[in-house]
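Student:
2 protein chains.
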Amino acid sequence: MKFKRSERLVDMTNYLLNRPHTLVPLTFFAKRYNSAKSSISEDLGIVKQAFQQRGIGLVETVPGASGGAKFTPYILKEAADQFIGEVSDILNDNDRYLPGGYVYMSDILGQPEKLKTIGRIIATQYLFQKVDAVLTVATRGIPVAEASATYLNVPLVIARHDSQITEGSTVSVNYVSASSQEVKRMTISKRSLQPGSNVLIVDDFLRGGGTISGLTSLIDEFDCHLVGSTVFVETDDPGHRRVTDFTSLLKMDIKDDQIEIKPGNYAQKIFGSTN
Amino acid sequence: MKFKRSERLVDMTNYLLNRPHTLVPLTFFAKRYNSAKSSISEDLGIVKQAFQQRGIGLVETVPGASGGAKFTPYILKEAADQFIGEVSDILNDNDRYLPGGYVYMSDILGQPEKLKTIGRIIATQYLFQKVDAVLTVATRGIPVAEASATYLNVPLVIARHDSQITEGSTVSVNYVSASSQEVKRMTISKRSLQPGSNVLIVDDFLRGGGTISGLTSLIDEFDCHLVGSTVFVETDDPGHRRVTDFTSLLKMDIKDDQIEIKPGNYAQKIFGSTN
Numbered sequence: 001m002k003f004k005r006s007e008r009l010v011d012m013t014n015y016l017l018n019r020p021h022t023l024v025p026l027t028f029f030a031k032r033y034n035s036a037k038s039s040i041s042e043d044l045g046i047v048k049q050a051f052q053q054r055g056i057g058l059v060e061t062v063p064g065a066s067g068g069a070k071f072t073p074y075i076l077k078e079a080a081d082q083f084i085g086e087v088s089d090i091l092n093d094n095d096r097y098l099p100g101g102y103v104y105m106s107d108i109l110g111q112p113e114k115l116k117t118i119g120r121i122i123a124t125q126y127l128f129q130k131v132d133a134v135l136t137v138a139t140r141g142i143p144v145a146e147a148s149a150t151y152l153n154v155p156l157v158i159a160r161h162d163s164q165i166t167e168g169s170t171v172s173v174n175y176v177s178a179s180s181q182e183v184k185r186m187t188i189s190k191r192s193l194q195p196g197s198n199v200l201i202v203d204d205f206l207r208g209g210g211t212i213s214g215l216t217s218l219i220d221e222f223d224c225h226l227v228g229s230t231v232f233v234e235t236d237d238p239g240h241r242r243v244t245d246f247t248s249l250l251k252m253d254i255k256d257d258q259i260e261i262k263p264g265n266y267a268q269k270i271f272g273s274t275n
Numbered sequence: 001m002k003f004k005r006s007e008r009l010v011d012m013t014n015y016l017l018n019r020p021h022t023l024v025p026l027t028f029f030a031k032r033y034n035s036a037k038s039s040i041s042e043d044l045g046i047v048k049q050a051f052q053q054r055g056i057g058l059v060e061t062v063p064g065a066s067g068g069a070k071f072t073p074y075i076l077k078e079a080a081d082q083f084i085g086e087v088s089d090i091l092n093d094n095d096r097y098l099p100g101g102y103v104y105m106s107d108i109l110g111q112p113e114k115l116k117t118i119g120r121i122i123a124t125q126y127l128f129q130k131v132d133a134v135l136t137v138a139t140r141g142i143p144v145a146e147a148s149a150t151y152l153n154v155p156l157v158i159a160r161h162d163s164q165i166t167e168g169s170t171v172s173v174n175y176v177s178a179s180s181q182e183v184k185r186m187t188i189s190k191r192s193l194q195p196g197s198n199v200l201i202v203d204d205f206l207r208g209g210g211t212i213s214g215l216t217s218l219i220d221e222f223d224c225h226l227v228g229s230t231v232f233v234e235t236d237d238p239g240h241r242r243v244t245d246f247t248s249l250l251k252m253d254i255k256d257d258q259i260e261i262k263p264g265n266y267a268q269k270i271f272g273s274t275n
């Protein structure tokens with residue numbers, strides 16, 4: 001059975017979108033659609049152009065017998081800015097302010113369409129870097145980290161604060177929560193990271209940086225390399241922050257008990273420009 | 001600027017895939033591509049047919065001036081069976097067996113492509129039911145629940161065992177862990193569920209059913225309705241299971257210290273047939 005170009009384009013788009021950062025051989029598509037490689041090459045050219053025009057991502061085509069296509073999702077700065085602006089507006093709501101300088105945002109971090117955009121923004125920064133895993137710590141960072149791992153198409157590794165009989169042998173580190181000055185402990189399974197892996201840290205919130213320091217220690221314990229750290233929201237620097245190099249999508253300023261959410265440093269860190 | 005059909009098809013596919021269960025008006029696409037509604041209708045017909053042929057999902061087109069298109073993702077039984085078979089093979093590995101009758105599976109629940117398929121399978125059962133939120137409890141159930149919520153395109157709500165200053169007012173319930181006979185407590189933010197919502201429970205593991213009972217009590221506390229409960233793996237019924245109506249993708253049998261992972265009851269529950 002032969003497939004029309006229009007049908008091939010729809011299926012090919014779906015296939016590539018579901019497998020970011022994966023080289024799909026031309027021969028695979030040729031067999032899937034019972035079509036000549038030359039037709040498949042033309043199809044991929046169309047997909048590539050449409051993805052680029054719509055800011056969906058990059059489709060790289062590798063020519064030759066062993067060639068294929070690889071989809072790398074990204075987001076354009078304009079789309080990222082618009083999204084971050086919208087989320088800031090939602091969060092800048094007196095009803096969301098909680099005692100102790102917190103803002104209720106669990107609903108935002110539970111909405112699939114928002115999580116997708118957050119994941120795309122985070123993944124865009126590390127587009128051309130080698131990332132082997134995304135590391136986060138339970139609980140609230142997990143959805144953001146999973147969304148980022150999905151767009152980078154690498155495993156998600158979750159450190160936990162409690163002991164976990166379902167993880168086998170584990171590695172733990174102690175760290176100091178900079179906000180509470182409490183010593184905490186986090187644990188991951190020994191099997192969850194290969195030595196030498198390139199690891200991206202993703203978390204929901206950065207205050208004193210204790211959690212990210214702890215995650216960095218875990219990366220060291222596994223002889224892995226830190227690619228970078230990205231958080232959804234950073235707060236005002238409390239003055240004794242343990243982490244200086246990170247990316248934030250949003251920034252929370254607290255002045256005279258007034259909370260203001262504004263864009264974080266992502267424009268500079270991801271797109272190399274300021275707003 | 002006009003867009004060619006081929007470009008429209010690629011962009012439309014991406015647009016619909018990213019917004020499951022959402023009616024996108026014809027007028028939206030007509031404006032987006034500067035094209036006549038009749039052309040858009042034809043495009044949607046092509047997308048619909050390709051999605052159906054490839055088992056990607058259903059595209060419903062609503063005719064008329066206020067009409068549009070709605071994408072409902074599903075997975076076909078053959079694809080689900082093949083995936084579950086592959087995952088069983090991966091999990092049936094002596095190296096994965098842990099003391100106490102556990103199996104290491106955190107790596108599977110961290111791989112984006114596997115999570116997507118798991119989410120699609122779970123969402124397929126509730127395709128035509130009204131689901132307003134997916135509820136799970138920290139920690140290991142979160143990735144599976146997020147993947148399911150993504151395909152249903154509804155908010156993910158996470159109950160936690162610890163107290164949480166970032167959640168505002170909360171509601172807690174006590175429940176008995178059937179495996180440990182311990183009384184535990186789980187908490188969610190008061191803001192996270194609207195009364196009357198239809199809630200789907202998704203978790204990674206079902207042993208005695210204590211966790212699902214606890215989540216069901218939370219749903220009752222919020223005057224919400226339970227749509228169903230789906231777990232990634234159920235174990236042998238320990239004999240005093242608190243939950244009888246649930247769907248499992250996999251089943252873990254333990255006999256004479258031998259562990260075997262096999263398909264759960266999903267074929268019957270989701271596709272109405274046995275394997």
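Just so you know, the protein sequences line up as chains A and B, in that order. All letters in the first sequence, in the order written, are residues 1 to 275 by UniProt numbering. All letters in the second sequence, in the order written, are residues 1 to 275 by UniProt numbering. In this text, a Cβ means the ideal position worked out from N, Cα and C, and glycines have one as well.
Any beta carbon from chain B within less than 8 Å of A/TYR266's own beta carbon?
Tutor: Cβ-Cβ to chain B under 8 Å: no for A/TYR266.
Student: Just to confirm, are A/LEU16 and A/ALA50 a CB contact at a threshold of 8 Å?
Tutor: no
Student: For the region 208 to 227 of chain A, enumerate the residues whose C-beta is nearer than 8 Å to any C-beta of chain B, in chain order.
Tutor: none
Student: So the candidates are A/LYS269, A/LYS2 and A/LYS48; which of them puts its Cα closest to the Cα of B/GLU7?
Tutor: A/LYS48
Student: Applying the criterion that 16 or more other CB atoms from any shown protein chain within 10 Å of the CB defines a buried residue, is B/GLN125 buried or exposed?
Tutor: That one is buried.
Student: Using 8 Å as the threshold, is the C-beta distance between B/ARG54 and A/ASP236 below it?
Tutor: no
Student: Out of A/SER169, A/GLY168, A/MET186 and A/THR139, which one is the CA nearest neighbour of A/VAL176?
Tutor: Nearest of A/SER169, A/GLY168, A/MET186 and A/THR139 to A/VAL176, Cα basis: A/MET186.
Student: Applying the criterion that 16 or more other CB atoms from any shown protein chain within 10 Å of the CB defines a buried residue, is B/ALA159 buried or exposed?
Tutor: buried
Student: Check whether the region 208 to 224 of chain A and the region 186 to 197 of chain A are in contact - that is, three or more C-beta pairs closer than 8 Å.
Tutor: yes
Student: Would you kindly work out how many angstroms separate the C-alpha atoms of B/SER273 and B/ASN265, rounded to a whole number?
Tutor: One Cα belongs to B/SER273, the other to B/ASN265, and the distance between them is close to 10 Å.
Student: Mind listing, in chain order, the continuous alpha helix (DSSP H) runs of no fewer than 4 residues lying wholly within the region 58 to 96 of chain B?
Tutor: Taking only runs of at least 4 residues, the alpha helix (DSSP H) segments lying wholly in the region 58 to 96 of chain B are 77 to 91.
Student: Give the interface partners of B/THR150 over in chain A, defined as CB-CB distance under 8 Å, in chain order.
Tutor: Close to B/THR150, with beta-carbon spacing below 8 Å, are these residues of chain A in chain order: PRO112, LEU115 and LYS116.
Student: Which ranges would you report for the alpha helix (DSSP H) in the UniProt domain "Phosphoribosyltransferase" (111 to 253) of chain B if only whole runs of at least 4 residues count?
Tutor: 112 to 125, 142 to 152 and 210 to 221
Student: Go ahead and pull the three-state DSSP assignment for A/ILE56.
Tutor: coil
Student: Do B/VAL154 and B/LEU218 have their C-beta atoms closer together than 8 Å?
Tutor: no
Student: Between which two residues does the alpha helix (DSSP H) harbouring A/LYS31 extend?
Tutor: 26 to 32
Student: State the start and end residues of the unbroken beta strand (DSSP E) segment that holds B/ILE108.
Tutor: Here B/ILE108 belongs to no beta strand (DSSP E), and DSSP marks it neither H nor E.
Student: Quick check: is the beta carbon of A/LEU107 nearer than 8 Å to any beta carbon in chain B?
Tutor: Correcting the residue identity first, residue 107 of chain A is Asp in this sequence and not Leu. It does: the Cβ of A/ASP107 has a partner Cβ on chain B nearer than 8 Å.
Student: How far does the alpha helix (DSSP H) with B/LYS269 in it reach, from first residue to last?
Tutor: 266 to 271
Student: For B/ALA149, collect the residues of the same chain with a Cβ closer than 6 Å to its Cβ; drop the 5 residues on either side in sequence, then sort them by chain order.
Tutor: VAL134 and LEU156
Student: Please decide whether B/LEU91 counts as near chain A, where near means a Cβ-Cβ distance under 8 Å.
Tutor: Interface annotation, B/LEU91: not in contact with chain A, CB-CB separation never under 8 Å.
Student: Got a sec: which bits of the region 230 to 255 of chain B sit with their beta carbon under 8 Å from any beta carbon on chain A, in order along the chain?
Tutor: none
Student: Return the residue from the list A/HIS240, A/LYS269, A/ASP257 and A/GLU146 that minimises the CA-CA distance to A/LEU249.
Tutor: Here the closest residue by C-alpha is A/LYS269.
Student: Indicate whether B/GLY209 and B/ARG241 have their beta-carbon atoms separated by less than 8 Å.
Tutor: yes
Student: In three-state DSSP terms, what is B/LYS48?
Tutor: In the three-state DSSP reduction, B/LYS48 falls in the helix class (H, G or I).
Student: Considering just the uninterrupted stretch of the alpha helix (DSSP H) at A/THR13, what are its terminal residues?
Tutor: That run of the alpha helix (DSSP H) goes 5 to 17.
Student: Excluding the five sequence neighbours on either side, which residues of its own chain have a C-beta within less than 8 Å of the C-beta of B/LYS2, listed in chain order?
Tutor: Hits under 8 Å: TYR33, ASN34 and SER35.
Student: Going by beta-carbon coordinates alone, are A/THR230 and A/PHE205 separated by less than 8 Å?
Tutor: no
Student: Among the candidates A/LYS251, A/PRO263 and A/SER41, whose CA atom is the shortest distance from the CA of A/THR27?
Tutor: A/SER41
Student: If I measure Cβ to Cβ from A/VAL233 and keep anything under 6 Å in the same chain, skipping five residues before and after, which residues do I get?
Tutor: PHE205, LEU250 and MET252
Student: Can you tell me whether DSSP reads B/LYS2 as helix, strand or coil?
Tutor: coil
Student: So, do the region 93 to 104 of chain A and the region 253 to 262 of chain A have three or more beta carbon pairs nearer to each other than 8 Å?
Tutor: yes
Student: Taking the straight line between their C-alpha atoms, what separation do you get for A/PHE29 and B/TYR97?
Tutor: 38 Å
Student: Who are the near neighbours of A/VAL131 in its chain, counting only those whose CB is closer than 6 Å to its CB and skipping five residues on each side?
Tutor: LEU152, VAL154, ASN198, LEU200 and VAL227
Student: Which residues share a DSSP beta bridge with B/LYS255?
Tutor: B/GLN258
Student: For B/LYS114, count neighbouring Cβ atoms within 10 angstroms of its own Cβ and tell me buried if that reaches 16, exposed if not.
Tutor: buried
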